[in-house]
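Below is one structure; the comments refer to it alone.
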Amino acid sequence: MILLRIILASLAVSLLSFVGGILLVSKKTWQQFQSERVSAYLVSFAAGVMLATAFLDVLPEALEKAGSNFHPVLLATLLGIIVFFFLERFVLWFHHHDDGHGSSPSVLLILVGDGVHNFIDGVAIAATFMTNPGLGIITTLAIAAHEIPQEIGDFSVLIHGGLSRSKALFYNFLSALTALIGAILGFFFLGKLENILPISLAFTAGMFIYIACSDLIPDLHQEFRREKRWIHSIPFIFGIVLLWFLISRLEG
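As numbered in this note's numbering, the sequence shown has no gaps in its residue numbers, which increase by one up to the final residue, 271.
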C-alpha cells in the first residue's frame, strides 16, 4: 500500500512536466512565444528560477543533510559545474560535426540536470512516505509547488533551444519520469541512497548554476545589447522572488 502511494505521488509530480506545454497550448500563445521578445522574458524567468532553486532550495538541503561535513558538498557543487562545462564542450564538438542537429547544447544540459533533480525528489517522496504517509503527502505538495515554476522555465529553455512543442513536452516528460525511478529505488534501497543524497543534491545545484550562468544569462546580455531593454530583467528577479516565497512558505 505504501509503495502504491509512493508511485502515485511521484507520477503526479512527473505529470507537472506538462505544465509549460499546457500554458502554451493555444495557437495564439504559441505564436507570441515564438517572437524573440516573449522568448527573452521566459528565458529570463527560467534563469532566475534555476539560480533560486540551486541557492535557496537544493544547496541548503544538501548542506543540512551533510551536517558539519560540508566540504564534500561544496566540492560536489564545483564538480557539477566542471562536469557540465566539459559536457557542453562535447555537445558543441558534436554540433560541429553534425550540422543537421538543430538543438542548442542547453537542451541536453537542462534535461540531464532536471533528470537528476527529479530523481532526488522521488527519493525524498519515498523516504517521507515510509516515515509517515501524512508527511509524504505534505512533501509531495511542497515539491509540486516549487516544481511548477521550474517546469515552466525548463519548457521555455527547451523551446528556446530549438525543440518543437511536441518534442519539448516528450523529452521533458521523460526527464520528469526519473522521479518515479528515484521513488521506487528509494523504497527498496533507501539506506544506501541516503548516504549519497547530499553529494547528489550539491552536484545538481552545480548543474543548475552552470546552465543559468553559462547558457541563459549570456543570451539575456546579448538581447540587452541588441535592444537596450531593462524590462527583460524583471522576469529574472520575479523568478528568484517567486521561488524564495514558495520555499520560505513551505518550510515555514
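Even glycine gets a Cβ: it sits at the ideal position worked out from N, Cα and C.
Fair warning: this is a prediction, and the values are worked out from it, not measured in the lab.
Looking only at its own chain, which residues have a Cβ that is under 8 Å from the Cβ of residue i, when we skip the five neighbours before and after it?
| i | result |
| --- | --- |
| Phe257 | Phe64 and Gly67 |
| Ile21 | Phe148, Met149, Pro152 and Phe206 |
| Arg248 | Glu242 |
Using only alpha-carbon positions, find the residue among the options that is nearest to residue i.
| i | options | result |
| --- | --- | --- |
| Phe189 | Leu130, Ala143 and Ile228 | Leu130 |
| Phe37 | Pro217, Leu239, Ala202 and Gly172 | Gly172 |
| Val142 | Ala28, Leu262, Trp249 and Phe264 | Ala28 |
| Glu107 | Glu246, Cys232 and Leu239 | Cys232 |
| Met226 | Ala31, Phe103 and Gly134 | Phe103 |
| Asn88 | Ile236, Ile218 and Arg268 | Ile218 |
| Leu292 | Gly155, Leu212, Glu246 and Thr197 | This structure cannot speak to residue 292, because the chain is shown only from 20 to 271. |
| Ile167 | Ser185, Asn191 and Lys186 | Asn191 |
What does a CB cutoff of less than 6 Å around residue i pick up in its chain, not counting 5 residues either side in sequence?
| i | result |
| --- | --- |
| Ala221 | Ala81, Val92, Ala95 and Thr96 |
| Val77 | Leu220, Thr223 and Ala224 |
| Lys84 | Leu216 and Pro217 |
| Ser194 | Leu130, Asp133 and Gly134 |
| His136 | Thr223 |
| Ile236 | Ala66 |
For residue i, which residues from the same chain have a beta carbon less than 7 Å from its beta carbon, with the 5 sequence-adjacent residues on both sides left out?
| i | result |
| --- | --- |
| Tyr346 | There is no way to answer for residue 346, as the model of the chain reaches only from 20 to 271. |
| Leu98 | Phe222 and Gly225 |
| Ala146 | Gly205 and Leu209 |
| Gly132 | Thr223, Met226, Phe227 and Ile230 |
| Arg245 | none |
| Leu196 | Ser33 |
| Thr158 | Ala143, Ile144 and Thr147 |
| Asn214 | none |
Tell me whether residue i sits in a helix, a strand or coil according to DSSP, three-state version.
| i | result |
| --- | --- |
| Met20 | coil |
| Lys211 | helix |
| His115 | Low confidence applies here, because His115 scores a pLDDT of 48, under 50, leaving its location unreliable and the question unanswered by this model. |
| Gln105 | Reading off the sequence shown, one finds Phe at residue 105, where the question assumed Gln. Residue state, collapsed to three classes: helix. |
| Gly181 | coil |
| Lys247 | coil |
| Ser233 | helix |
| Ser196 | According to the sequence provided, residue 196 is Leu. The question's Ser does not apply to it. Three-state DSSP puts Leu196 in coil, outside helix and strand. |
| Ser29 | helix |
| Asn88 | coil |
| Lys46 | Note on Lys46: pLDDT 48, under 50, position unreliable in the model; no value is reported. |
| His120 | Interpretation of His120 is limited by its pLDDT of 49, a score under 50 that renders its predicted location unreliable; no figure is taken from the coordinates. |
| Asn191 | helix |
| Asn151 | coil |
I'd like to know whether the C-beta of residue i is nearer than 8 Å to at least one C-beta of chain C.
| i | result |
| --- | --- |
| Phe89 | No chain C appears in this structure, which consists of one protein chain only. |
Cβ of residue i within 8 Å of Cβ of residue j?
| i | j | result |
| --- | --- | --- |
| Ile178 | Ile162 | no |
| Ile26 | Leu239 | no |
| Ile259 | Leu70 | yes |
| Val62 | Val176 | yes |
| Asp234 | Leu128 | yes |
| Gly201 | Ile139 | yes |
| Thr72 | Leu261 | no |
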